[in-house]
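As structure tokens, the structure follows; a few thoughts come after it.
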Amino acid sequence: MAYQQYYGGAIWTHHAIDRMRNRGLSQDKAAQAFNHPDQSIKGKARGSVEYQKRFNTSLVTVIAKQNEKREWIILSCWIDPPLPGSIDAKEKERYWKYQKTGFWGKIWMVFKRQLGF
Numbered sequence: 025m026a027y028q029q030y031y032g033g034a035i036w037t038h039h040a041i042d043r044m045r046n047r048g049l050s051q052d053k054a055a056q057a058f059n060h061p062d063q064s065i066k067g068k069a070r071g072s073v074e075y076q077k078r079f080n081t082s083l084v085t086v087i088a089k090q091n092e093k094r095e096w097i098i099l100s101c102w103i104d105p106p107l108p109g110s111i112d113a114k115e116k117e118r119y120w121k122y123q124k125t126g127f128w129g130k131i132w133m134v135f136k137r138q139l140g141f
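Quick note: the sequence shown uses our numbering, first residue 25, plus one each step.
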């Protein structure tokens, strides 16, 4: 999947492109969420806006902000629930396993994670 830095009337940061690539999210779906959101709310960062659009059972979220030239910059984006096999899906699975395990299991999981396993 090829991602473009200028797409859908906005400038896409390298961070946003990396997140789309890692999460299996298409730039087209993210651009649709940005250009035609179901909902938009004030973002956590000053001046940012969070755009959300539902596609069937998935919710795509795009974080954007205008620069001093009033151009839209896409800062980050994700899809929830995460797509199977994506980094986010693996992290979610790891989190639930951690929550369900006992004390020594948690110690072991943290130790393995620190070693890079």
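Ideal Cβ placement from N, Cα and C applies to all residues, glycine included.
In angstroms, rounded to a whole number, what distance separates the CA positions of residue i and residue j?
i      : j      : result
Lys53  : Arg118 : 27 Å
Leu99  : Ser110 : 19 Å
Arg64  : Trp36  : Per the sequence presented here, residue 64 reads as Ser, with Arg not at that position. Cα-Cα distance, rounded: 18 Å.
Tyr75  : Gln138 : 35 Å
Leu83  : Arg43  : 15 Å
Ala113 : Arg94  : 35 Å
Trp132 : Trp120 : 15 Å
Ser72  : Pro108 : 29 Å
Leu49  : Ile41  : 9 Å
Phe58  : Pro105 : 18 Å
Gly126 : Lys116 : 18 Å
Ile87  : Phe79  : 17 Å
How far does the beta strand (DSSP E) with residue i in it extend, from its first residue to its last?
i     : result
Ala54 : Where Ala54 is concerned, there is no enclosing beta strand (DSSP E), although the alpha helix (DSSP H) it sits in stretches over 51-59.
Tyr75 : 72-79
Lys66 : 63-66
Lys89 : 82-90
Let me check understanding here. Comparing Cα to Cα, which of the options lies closest to residue i?
i     : options                       : result
Asn46 : Ser64, Tyr27, Ile97, Gly140   : Tyr27
Ala69 : Lys136, Gln123, Gln90, Lys114 : Gln90
Thr81 : Ile103, His60, Trp96          : Ile103
Gly67 : Cys101, Ala55, Lys136, His39  : Cys101
What are the boundary residues of the alpha helix (DSSP H) that residue i is part of?
i      : result
Asp104 : First-last for Asp104: 96-104, but that is the beta strand (DSSP E), not the alpha helix (DSSP H).
Leu107 : That residue, Leu107, is in no alpha helix (DSSP H); it is neither H nor E in DSSP.
Ala40  : 38-47
Lys136 : 127-139
Which partner residues does residue i have in the DSSP bridge list?
i     : result
Ala34 : Tyr31
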